[in-house]
Amino acid sequence: MTNGEKKRKRPNSRRNLDIAIDRMAVRRGDPLRVRNAMAAAVVAQMIPDGVIKGGSALKLRYGDAQTRFTRDLDAARSVRLDEFADDLNRRLREGCEGFTGRLVPRQPAHPAGIEPRYVMQPFDAKLDYNGKPWVTVPVEVGHDEIGDADEFDVGISSDIVSMFEELSFPVPAPAHLMPLRHQIAQKLHAASAPGSERAHDLIDLQLIVSNTPNLDLAEVRVTCVRLCAYRQEQTWPLTIAGGPNWEEAYRAQAAGLGVLPTATEAIEWANSLIARIDAAR
Numbered sequence: 002m003t004n005g006e007k008k009r010k011r012p013n014s015r016r017n018l019d020i021a022i023d024r025m026a027v028r029r030g031d032p033l034r035v036r037n038a039m040a041a042a043v044v045a046q047m048i049p050d051g052v053i054k055g056g057s058a059l060k061l062r063y064g065d066a067q068t069r070f071t072r073d074l075d076a077a078r079s080v081r082l083d084e085f086a087d088d089l090n091r092r093l094r095e096g097c098e099g100f101t102g103r104l105v106p107r108q109p110a111h112p113a114g115i116e117p118r119y120v121m122q123p124f125d126a127k128l129d130y131n132g133k134p135w136v137t138v139p140v141e142v143g144h145d146e147i148g149d150a151d152e153f154d155v156g157i158s159s160d161i162v163s164m165f166e167e168l169s170f171p172v173p174a175p176a177h178l179m180p181l182r183h184q185i186a187q188k189l190h191a192a193s194a195p196g197s198e199r200a201h202d203l204i205d206l207q208l209i210v211s212n213t214p215n216l217d218l219a220e221v222r223v224t225c226v227r228l229c230a231y232r233q234e235q236t237w238p239l240t241i242a243g244g245p246n247w248e249e250a251y252r253a254q255a256a257g258l259g260v261l262p263t264a265t266e267a268i269e270w271a272n273s274l275i276a277r278i279d280a281a282r
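Residue numbers for the sequence shown, in this note's numbering: 2 to 282.
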């Protein structure tokens with residue numbers, strides 16, 4: 002350590018943690034995004050018997066700067082819901098490196114035309130730092146459908162690791178992330194559903210493909226076919242049509258991510274991807 006250089010100290014209070022994040026965000030961007038990314042990483046370390054999926058899994062895999070903003074942490078469980086929730090609540094209460102919390106259930110949504118077995122169970126993971134309320138992370142929990150919660154990739158992006166290191170926290174443990182072939186299958190299925198409002202899935206799909214040059218499309222096809230057969234709602238190969246609000250929703254989240262600029266172009270790209278997957282036999 003050079004003269005005049007001081008070793009950074011870990012924030013000793015919730016207030017000082019937020020001040021430190023605000024300072025760090027001068028270089029990294031919006032402090033809300035930094036705070037949410039760190040909070041998601043904290044909760045992800047405590048997820049029991051399952052995997053992180055959805056946009057939150059991509060954020061943990063690729064980093065905050067390279068992915069769209071999301072507040073939710075989506076998970077798929079491999080055990081009963083009550084067992085999963087009790088274990089996660091226990092881990093939150095035990096805490097880690099000053100972060101503690103509790104799991105609070107919320108009422109699930111009842112979307113028209115969606116079978117109850119496919120509706121995610123929502124919770125709030127209410128995080129404290131050194132005993133003071135800090136951030137609430139919405140946690141959405143689904144069940145294992147076709148083995149998607151039984152195996153996982155392990156990782157956490159250097160972008161998010163460096164956030165903790167810069168504030169003198171230990172490196173967070175790698176998260177258990179849903180394998181990409183399952184992510185692709187679920188996102189294609191959701192984006193192609195009648196009345197779908199999930200324009201953001203097209204952003205996530207482009208990020209997955211651009212970051213995975215050796216993607217095994219034949220393996221992806223097997224997973225897509227299995228998921229369609231399991232859910233019995235749509236048949237493979239799927240077709241994505243979009244919706245009346247897709248253009249605005251897509252543009253709002255696509256800026257700065259290096260993806261196609263319009264939903265119209267992204268829909269054409271996604272249907273081309275489906276054709277490529279279907280041809281990979």
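Using N, Cα and C, we set each Cβ at its ideal position, and we do this for glycine too.
* Within 7 Å, strictly: CB atoms of Ile161 and Ala42 -> Taking the first residue of the sequence shown as position 1, residue 161 is located at position 160. Taking the first residue of the sequence shown as position 1, residue 42 is located at position 41. Yes, these two residues count as a Cβ contact at 7 Å.
* Among Ala271, Val221 and Trp237, which one has its Cα closest to the Cα of Ala281? -> On the sequence shown, position 280 is the one that residue 281 refers to. Taking only the C-alpha atoms, the option nearest Ala281 is Val221.
* Cut-off 6 Å between Cβ atoms - residues of its own chain near Val226, not counting five sequence neighbours on either side -> Mapped onto the sequence shown, residue 226 falls at position 225. Sequence-distant Cβ neighbours of Val226 in its own chain, meaning closer than 6 Å and more than five residues away, are Trp237.
* Asked: Between the segment 138-153 and the segment 74-94, do three or more beta carbon pairs fall short of 8 Å?
  -> In short, these stretches touch, since the Cβ pair count reaches three.
* To do: Can you have a look at Ala86 and say buried or exposed, based on whether 16 or more other CB atoms are within 10 angstroms of its CB?
  => Counted from its first residue, the sequence shown places residue 86 at position 85. It counts as buried.
* Beta-carbon contacts of Ser57 that lie in its chain and below 8 Å, excluding the five residues immediately before and after -> In the sequence shown, the residue the question calls residue 57 occupies position 56. If we look at Ser57 and ignore the five residues flanking it on each side, its Cβ neighbours are Ala41, Ala45, Thr71, Asp73, Leu74 and Asp75.
* Beta-carbon proximity check, Asp19 vs Pro49, cutoff 7 Å -> Translated into the one-based positions of the sequence shown, residue 19 becomes position 18. Translated into the one-based positions of the sequence shown, residue 49 becomes position 48. Taking the C-beta atoms as reference points, Pro49 is found no nearer than 7 Å to Asp19.
* Pro175 vs Ile204 beta-carbon contact at 7 Å -> Taking the sequence shown and counting its residues from 1, the one referred to as residue 175 is at position 174. Taking the sequence shown and counting its residues from 1, the one referred to as residue 204 is at position 203. The criterion of a C-beta distance shorter than 7 Å is not satisfied by Pro175 and Ile204.
* Asked: Straight-line CA distance for Met47 to Arg107?
  -> Sequence index remark: in the sequence shown, residue 47 carries index 46 (1-based). Sequence index remark: in the sequence shown, residue 107 carries index 106 (1-based). Linking Met47 to Arg107 through their CA atoms gives a straight-line distance of about 19 Å.
* Touch test, the segment 177-191 against the segment 205-217, Cβ-Cβ under 8 Å, three pairs minimum -> The segment 177-191 is in contact with the segment 205-217.
* To do: Kindly indicate the opening and closing residues of the beta strand (DSSP E) around Arg144.
  => By one-based count along the sequence shown, residue 144 stands at place 143. Here residue 144 is His; the residue named in the question, Arg, does not match the sequence. In this chain, the beta strand (DSSP E) harbouring His144 covers Lys133 to His144.
* Can you list, in chain order, the residues of its chain whose CB lies under 7 Å from that of Lys10, leaving out five sequence neighbours each side? -> By 1-based counting over the sequence shown, the position of residue 10 is 9. In the same chain as Lys10, and ignoring 5 residues on each side of it, the C-beta atoms closer than 7 Å to its own belong to Ser169, in chain order.
* By DSSP, does Gln122 sit in helix, in strand, or in coil? -> For the purposes of this step, residue 122 is identified with residue 121 of the sequence shown, where counting begins at 1. Three-state DSSP puts Gln122 in a strand.
* Under 7 Å, do Arg15 and Leu178 count as touching if we go by C-beta distance? -> Your numbering for residue 15 matches position 14 in the sequence shown. Your numbering for residue 178 matches position 177 in the sequence shown. Not a contact, by the Cβ cut-off of 7 Å.
* Would you tell me roughly how many angstroms separate the C-alpha atoms of Phe153 and Val52, rounded to the nearest one? => Locating residue 153 in the sequence shown gives position 152, where the first residue counts as 1. Locating residue 52 in the sequence shown gives position 51, where the first residue counts as 1. Computed Cα separation, rounded: 6 Å.
* **Given Thr213 as reference, the closest of Pro180, Glu198 and Gly243 once Cα atoms are compared** => For the purposes of this step, residue 213 is taken as the residue at position 212 of the sequence shown. Comparing alpha-carbon positions, the option among Pro180, Glu198 and Gly243 lying closest to Thr213 turns out to be Pro180.
* What residues in its chain sit with their C-beta under 7 Å from that of Pro32, if we drop five residues either side in the sequence? -> For this step, residue 32 is matched to residue 31 along the sequence shown. Cβ-Cβ distances below 7 Å link Pro32 to Ile22, Asp23 and Ala26 in the same chain, with the five nearest sequence neighbours on each side left out; the list follows chain order.
* To do: Report the three-state DSSP secondary structure of Thr71 (helix, strand or coil).
  => Within the sequence shown, residue 71 is the residue found at index 70, counting from 1. The DSSP-derived three-state label of Thr71 is coil.
* Asked: Any idea what DSSP makes of Pro245, helix, strand or coil?
  -> The residue you call residue 245 lines up with position 244 of the sequence shown. Correct three-state label for Pro245: coil.
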